[in-house]
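Just below is one structure, and these are the notes that go with it.
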Amino acid sequence: MNLFVSRRLPAVALLAAVLSAAGTSNAVAAPIPAPAPWAGTWSAANTESGCWPRGFGNPPQCAPTSALAFHNQSIRMTVRTSIGGTNVRLRFSNVFGKKPLEIGHATVALADVPTSPQLRAGTLRELPFGGRLSVTVPPGSEVVSDPVALDVPARSNLSVSYFLPTDTGPAPVHLTARQPVYVYPGDTTTLVDGSIGFTIQRSSFLLSGIDVSHGQVNRSGVGRSRPSRSVVVIGDSVSDGNGSTMGAYRRWPDLLADRLLTTASTADDWGVLNQSLAGNRLTHDGTEAPLGFEVLGLSGLARLSRDVLAQPGARTVVVQLGVNDILFNADPAERVEAAITQFAAQAADRGLHVIVGTLPPADGFADPAWSADKEAARQAVNAYIRTPGRFDAVFDVDAVLRDPARPSVLRAEFDSGDHLNPNDAGAQALADAFCIHDL
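Now the structure itself:
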């Protein structure tokens, strides 16, 4: 089995006649594989590690923890699954790494407490890679572990530990993990009680996905059971959970996974993969002005192949992007509309069902300030998205979050404090409003 999957893809451009200023190059999206027994139960979009935002400005203001590297250290993080299975495999990404990544040892186990580094006794499994306990991942590639047998319940806490014996260089990162990530000296991957000797990070590193399957899986990773399926959410900070409670799994895609599990027609049948990135824009990379931060990721269009189409079991995509293009770049409505249409067309061409989210209210956001022109562009884009028959389905984020008396403003009871990102109550309202039948 070929362990390595090259994911270094050029940015995807919009139609040149419409968006000649997008500044990205053409790319051919990877085809969706034929139905397989594997489906994603958790994922995170990684980015290049560079200047981490401490504030906006020119030049960018970088946080002291920028560009973290690891050497002779272990990382342990606990994630919440969406669907369950009897087999599990992990994916690690060195797509944005600058040097070969050596994983010296990796394990997976169940955990009883989502914010604790302690493992449930008797559940620890070592993760081989092509039958070996260590692997070196070239820059620009991902690695997939061999499958291991482990009963993974839906919406359970799964703890992943991996030892990095050699210098990683600036490690690929997901900036807003919304949960503690534990870093230890040396190889602690088999340590059941990991409650001492660690430092805590608030970002996740290198781990890009967890897949599950049911039934028997052969040595090539092929199973003999019904395939499951996943819905991929690709969005910005609204979906990445910037206003949600740390360690509580209260982002709206998390809460949607809860709904799917407790609804008879979808129970343990749909994985939910959150591929959102705070600050992400549809047609501008994170390094583009006026932001200038690698950790905000490539443009949404450039991420389509890797972060959506390549996800195991992906059948539906929810696109929640566009407000940052207006907020930070003052893009006209026509540019955002063309980008959304191009994204949907490419996803549909690869067989995905496409659900497009309307742009949330942002009046009151201070850095940069919202304006009447930006609000007019947002309203125009939302009218475009709501046009019947344009997309497979519409998720009306704006209608859920806006103040009925002041439609440009986020409802006070849903405001996390920055007048853009919803708090836990707002995230719950979004999950409750999502039409499961649209999947």
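Going left to right, the sequence shown walks through residues -29 to -1, 1 to 410 as mature numbering (1 follows the signal peptide of the UniProt record, and there is no 0) numbers them.
We put the CB at the ideal spot given by N, CA and C, even for glycine.
All of these numbers come straight from a predicted model, not from anything done at the bench.
query                                                                                                                       : result
Euclidean distance between Cα positions of residue 400 and residue 105                                                      : 44 Å
Span separating the alpha-carbon of residue 17 from that of residue 149                                                     : 14 Å
Proximal residues to residue 371 (C-beta, below 7 Å), its chain only, five neighbours per side dropped                      : 400, 401 and 404
Assumed close pair residue 145, residue 175 - CB separation to whole angstroms, cut-off 8 Å                                 : 5 Å
DSSP state of residue 406 mapped onto helix, strand, coil                                                                   : coil
8 Å Cβ cutoff met for residue 420 and residue 20                                                                            : Any question about residue 420 goes unanswered here, given that the chain covers just -29 to 410.
Separation of residue 299 from residue 199, as counted between CA atoms                                                     : 38 Å
Cβ separation of residue 287 and residue 323, assumed to be a contact under 8 Å, to the nearest whole Å                     : 6 Å
Close beta carbons around residue 386, own chain, < 7 Å, minus the five adjacent residues each side                         : 394
For residue 13, three-class secondary structure by DSSP                                                                     : strand
Per DSSP, cross-strand counterpart(s) of residue 359                                                                        : Its beta-bridge partners do not exist; DSSP assigns none.
Backbone CA spacing between residue 310 and residue 54 [nearest angstrom]                                                   : 31 Å
Completely contained beta strand (DSSP E) runs for the region 57 to 87, where each covers 3 or more residues                : 72 to 74 and 76 to 82
The region 89 to 99 touching the region 116 to 131, judged by at least three CB pairs closer than 8 Å                       : yes
For residue 242 and residue 273, the rounded distance between their alpha carbons                                           : 23 Å
Three-way DSSP call (helix, strand, coil) for residue 224 in this model                                                     : helix
Expected contact under 8 Å - CB spacing of residue 279 and residue 293 to nearest Å                                         : With 8 Å as the limit, residue 279 and residue 293 do not qualify as a contact, their Cβ atoms being about 16 Å apart.
Of the listed residues 408, 375 and 301, nearest to residue 237 (C-alpha basis)                                             : 408
8 Å Cβ cutoff met for residue 110 and residue 70                                                                            : yes
DSSP-derived helix/strand/coil call for residue 230                                                                         : helix
Among 376, 269, 185 and 380, the one whose alpha carbon lies nearest that of residue 207                                    : 269
Residue range of the alpha helix (DSSP H) that includes residue 314                                                         : 304 to 320
Residue 375 burial status per 10 Å Cβ neighbour count (16 or more: buried)                                                  : exposed
Buried/exposed call for residue 88, threshold 16 Cβ in 10 Å                                                                 : buried
Exposed unless 16 or more other CB atoms sit within 10 angstroms - verdict on residue 108                                   : buried
Coil, strand or helix - residue 297 by DSSP                                                                                 : helix
CA-to-CA distance, residue 127 to residue 91, given in whole angstroms                                                      : 12 Å
Residue 352 - DSSP class collapsed to helix/strand/coil                                                                     : helix
Assigned secondary structure, residue 334 (DSSP; H/G/I helix, E/B strand, else coil)                                        : coil
Residue closest to residue 203, alpha-carbon to alpha-carbon, out of 377, 406 and 15                                        : 15
Local Cβ density within 10 Å of residue 205, reported as buried at 16 or more and exposed below that                        : buried
Residue 235, buried or exposed, once every other Cβ within 10 Å from all chains shown has been counted against 16           : exposed
Inter-residue CB distance, residue 52 and residue 12 (contact presumed, cutoff 8 Å)                                         : 4 Å
Residues sharing a beta bridge with residue 48, DSSP                                                                        : 131 and 152
Neighbourhood of residue 95 by C-beta distance below 8 Å, restricted to the same chain and skipping five residues each side : 78, 79, 80, 161 and 163
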